[in-house]
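Notes for the one structure printed next.
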Amino acid sequence: MHFSIVGLLSLVALISAAPANLQARDATNCGGVQYTAAAVQAAANAACQYVESGSHAGSSTYPHRYNNYEGFDFPVDGPYNEFPILKSGRIYSGGMSWGRDKYSVRFRLGGYLLTCLTGSPGPDRVVISDGCDLAGVITHTGASGNNFVACSGTS
Numbered sequence: 034m035h036f037s038i039v040g041l042l043s044l045v046a047l048i049s050a051a052p053a054n055l056q057a058r059d060a061t062n063c064g065g066v067q068y069t070a071a072a073v074q075a076a077a078n079a080a081c082q083y084v085e086s087g088s089h090a091g092s093s094t095y096p097h098r099y100n101n102y103e104g105f106d107f108p109v110d111g112p113y114n115e116f117p118i119l120k121s122g123r124i125y126s127g128g129m130s131w132g133r134d135k136y137s138v139r140f141r142l143g144g145y146l147l148t149c150l151t152g153s154p155g156p157d158r159v160v161i162s163d164g165c166d167l168a169g170v171i172t173h174t175g176a177s178g179n180n181f182v183a184c185s186g187t188s
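Everything in the sequence shown is counted per the working numbering, starting at 34 for the first residue and increasing by one.
Right, here's the structure in full:
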């Protein structure tokens, strides 16, 4: 009896230590843009914070509902939310932000050359469930219209 209780307690400890959400374990490629597992996880974590708080990144609508019209076979059940993952490695914050990225505008102000992001999130997205489980990574690159195609590792 003593061994079965110890075994049960060990199992409970193991389950309690397991992460609640799926983790990004592999890098992914979206239309020629390579993302590390850490970058995917960082974007998914940011999306999760917004989903859990019921808020959005800056003045944007992200994260927002992703209806999976393309029929991807995600490893977790929906409903799903999409959130931008940026080529620069930064976390999407919505609206206008300062720095360098693919979607930027440069202008001079008082002799300074400034680069301002336009707020465009680019073509790539992480997809998470309402429970903050990572479902996959998708991109508009190579898709027709406003559709998505899978990045490597998403089916």
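We treat Cβ as the ideally placed atom computed from N, Cα and C, and that holds for glycine.
Query                                                                                                                                                      : Result
Could you say if the stretch 57-70 and the stretch 85-98 meet the contact criterion of at least three C-beta pairs nearer than 8 Å?                        : no
Just curious, the beta strand (DSSP E) that C63 is in, first and last residue?                                                                             : T61 to C63
Considering E103, what are the terminal residues of the alpha helix (DSSP H) in which it resides?                                                          : That residue, E103, is in no alpha helix (DSSP H); it is neither H nor E in DSSP.
According to DSSP, what are the bridge partners of Y201?                                                                                                   : The requested residue 201 does not occur in the structure, where the chain is confined to residues 34 to 188.
Using a Cβ-Cβ cutoff of less than 6 Å, which residues in the same chain neighbour P156 once the five nearest sequence positions on both sides are dropped? : T172, H173 and T174
Can you give me the Cβ contacts of D163 inside the same chain, cut-off strictly under 6 Å, excluding the 5 residues immediately before and after it?       : P112
Would N114 be called buried (16 or more neighbouring beta carbons within 10 Å of its own) or exposed?                                                      : buried
Between F116 and S153, what straight-line distance do the alpha-carbon atoms span, to the nearest angstrom?                                                : 12 Å
So A183 packs on F105, CB below 8 Å; how close in whole Å?                                                                                                 : 6 Å
Return the CA-CA distance between N101 and A77, expressed in angstroms with no decimal places.                                                             : 17 Å
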